[in-house]
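Per this note's numbering, residue -1 is the first one in the sequence shown, and the count goes up by one each step. Have a look at the structure below before the remarks.
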Amino acid sequence: RALALSDDEIDRFMSNPRTAAVIDLDGLDLASAADVLDPGPRFDDPTPRLAVAYARQRDRWDALDIASAKRREAEDTLTEKLGRLENLLRESNVRQAAATRKLRGKTLDVYRFELDQTGYDSYLLRIKNFQKNHSRNPEDGSAEPEEDEEDLASWIQTQLGDHAEGRLGPHQIAALDSVGLIPETDDDSWHKSLTQFKIRVSVYWQSPFVLATGRVVDGDVVRDVLDGYNVDPAAISLRDWCLEQNRRYEADGFADDTVGRFEKLAGAGFT
């Protein structure tokens, strides 16, 4: 829009040499204005210092592009190598499993042969017959020893002594355990009770019944098991085991549990 200028402002404007070069009485000379007026630095024609900065920035971008390309190439190579390694590992596991099965078969044959040659099988058969006929194990120093009882008792004591000192192989230990000669550890007994608890829980949930106390099973698993001994005398030992777990939890919350018994109880529904 038009501006209202005073005479003094017009005189100062016209007296400026840069303005006088491009303005005359006939109007503006646009052709010469571009040569006289300095537009200042532009992006396509930067100052030397700015040009150096632009060049350095472009070099950084080029270096970044090269590094990114190398990284993608390295990632592709690593992915390919990992795939080959996974395939090799899978094939190795298959071969190892096959070799393990083959070795286990040969080992069992060797174990059977050794048990036969060392007289284990013969003694185990005699012990089984003795247990069947007398409902007990052979005992050394029995007041009225049965036939071969002293020999069997002496052999048993020798094997158990070797077992205590770690001189028996796994096949020998399994053979003695098959006739009930290996004493049960506390951990074995605990896990057997846990298994019985799981079975009883399954029975309770599948076939609810009225307990001897008159209370209907309502999903309180531990309480049901504790009440169940009134119905099933065989559950008395399990009842005692449940009470022991409750006492231990109330005493220290299984603070010294290093074998995961608390987690196993929780997993079995012991609340």
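Positions of the beta carbon are idealized from the N, C-alpha and C atoms, including for glycine.
Asked	Found
Test item: CB-CB of H161 and L113 under 9 Å	no
Whole-angstrom distance between A72 and D255, CA atom to CA atom	48 Å
Pairwise C-alpha distance: A96 and R70	39 Å
W59, buried or exposed, once every other Cβ within 10 Å from all chains shown has been counted against 16	exposed
Meets three-Cβ-pair contact criterion under 8 Å: the segment 114 to 125 and the segment 82 to 95	no
Own chain residues within Cβ distance below 8 Å of V257, not counting five before or after	D185
Bounding residues of the alpha helix (DSSP H) (the contiguous stretch that carries P168)	168 to 175
For D63, the first and last residue of its enclosing alpha helix (DSSP H)	46 to 115
DSSP three-state assignment for D255, whether helix, strand or coil	coil
Buried or exposed (CB count within 10 angstroms, at least 16 for buried), E145	exposed
Among R47, R259, L150, G103, the one whose alpha carbon lies nearest that of V177	L150
For Y52 and A61, the rounded distance between their alpha carbons	14 Å
Simplified DSSP assignment, three categories, for L322	The shown model of the chain, from -1 to 269, leaves out residue 322, and the question about it has no answer.
Whole-Å CB distance - Y118 paired with A173, under 8 Å assumed	6 Å
Proximal residues to I180 (C-beta, below 6 Å), its chain only, five neighbours per side dropped	L174
Straight-line Cα distance separating Q155 from S235	29 Å
Close-in-space but distant-in-sequence residues of the same chain around W153 (CB under 6 Å, 5 per side omitted)	Y121
With 16 other Cβ atoms within 10 Å as the buried cut-off, status of Q157	buried
Sequence-distant residues of its chain with Cβ nearer than 8 Å to Q55 (five each side left out)	none
Whole-number beta carbon distance between R259 and F252, since they are thought to touch under 8 Å	6 Å
Sub-9 Å separation of L192 and L263 beta-carbons	yes
Chain-order list of residues whose beta-carbon lies under 6 Å from that of P136 (same chain, five-residue window excluded)	F128, E147, L150, A151
Residue burial classification, D111 (beta-carbon count within 10 angstroms, cutoff 16)	First, the amino acid is wrong: residue 111 is Phe here, not Asp. It counts as exposed.
Through-space distance from T75 to K68, alpha-carbon basis	10 Å
Reduced DSSP secondary structure (H/G/I, E/B, other) of F128	helix
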